[in-house]
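Peer 1:
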Amino acid sequence: MSQPTYNVARVVELDIQGMTCASCVSRIERKLGKLDGVAATVNLPLESARVLAPAGITDQQLLEQVSAAGYIAHVHERAVSPGDEEAQRPGAGLLPRLVTAAILTIPVFLISMVPLLRFPHWGWWAAVLSLPS
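In the numbering used here, the protein residues as written are 88 to 220.
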């Protein structure tokens, strides 16, 4: 079976209010999918949708489709300046957190797994070292 091809010119992020279940998600995806060339993925916990739309489909048409399904939608506004590439990359700030967690994991692992390295109240030190992770 071949996958349908879409003439994707842009990606629109929508914030959607009023969803309560998986049925709401499928209803919105079906409603947006009725527009020619549009494919949508709705995320219930984040109350958002990622819509792949051709250039001929306006944001207003997408919002009207969601409204017709019985939900409130707004185009997601990003508070990022156009030249700020670092903030536009997904997970941009995760590397420093990963390095910190890895460094703090080593003493926790050693204290917990090697009985010769244990000292009085070692459990408290393991807990404190685990908190920043």
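Yeah, the Cβ is synthetic: ideal placement off N, Cα and C, and Gly gets one too.
Per DSSP, what kind of secondary structure is leucine 101 in: helix, strand or coil?
Peer 2: Against the sequence shown, residue 101 aligns to sequence position 14. Residue state, collapsed to three classes: strand.
Peer 1: I need the straight-line Cα distance from isoleucine 193 to proline 202, nearest angstrom please.
Peer 2: Start at 1 with the first residue of the sequence shown, and residue 193 comes out as number 106. Start at 1 with the first residue of the sequence shown, and residue 202 comes out as number 115. Distance between the alpha carbons of isoleucine 193 and proline 202 is about 15 Å.
Peer 1: Measure from the alpha carbon of glycine 143 to the alpha carbon of each residue in Leu197, Leu122 and Gln152, then state which is nearest.
Peer 2: The residue labelled residue 143 in the question sits at position 56 within the sequence shown. Closest by alpha carbon: Leu122.
Peer 1: Do lysine 118 and glutamine 152 have their C-beta atoms within less than 9 Å of each other?
Peer 2: The residue given as residue 118 occupies position 31 in the sequence shown. The residue given as residue 152 occupies position 65 in the sequence shown. In contact: lysine 118 and glutamine 152 (Cβ atoms closer than 9 Å).
Peer 1: On the three-state DSSP scale, how would you describe arginine 184?
Peer 2: In the sequence shown, residue 184 corresponds to position 97, counting from 1. In the structure shown, arginine 184 sits in a helix (DSSP, three-state: H, G or I).
Peer 1: Over what stretch of residues does the beta strand (DSSP E) that includes alanine 140 continue unbroken?
Peer 2: Here residue 140 is taken as the residue at index 53 of the sequence shown, counted from 1. Looking at the DSSP string, the run of the beta strand (DSSP E) that includes alanine 140 is 135-140.
Peer 1: Can the beta-carbon of valine 98 be found less than 9 Å from the beta-carbon of aspartate 146?
Peer 2: The residue labelled residue 98 in the question sits at position 11 within the sequence shown. The residue labelled residue 146 in the question sits at position 59 within the sequence shown. It is not a contact, given that the beta carbons lie outside the stated cut-off.
Peer 1: Got a sec? Which residues, its chain only, sit under 8 Å from arginine 205 by beta carbon, not counting five neighbours each side?
Peer 2: Within the sequence shown, residue 205 is the residue found at index 118, counting from 1. Taken in chain order, the residues that qualify are Ile198.
Peer 1: Is it buried or exposed, valine 215, if we count other Cβ atoms within 10 angstroms and call 16 or more buried?
Peer 2: Numbered from 1 along the sequence shown, position 128 holds the residue referred to as residue 215. Classification for valine 215: exposed.
Peer 1: Taking the straight line between their C-alpha atoms, what separation do you get for phenylalanine 196 and isoleucine 190?
Peer 2: Position 109 of the sequence shown, counted from the start, is the residue given in the question as residue 196. Position 103 of the sequence shown, counted from the start, is the residue given in the question as residue 190. When rounded, the distance between both Cα atoms is 11 Å.
Peer 1: Quick one, which of Gly124, Pro141 and Tyr158 has its alpha-carbon nearest serine 135's?
Peer 2: Position 48 of the sequence shown, counted from the first residue, corresponds to residue 135. Considering only alpha carbons, the answer is Tyr158.
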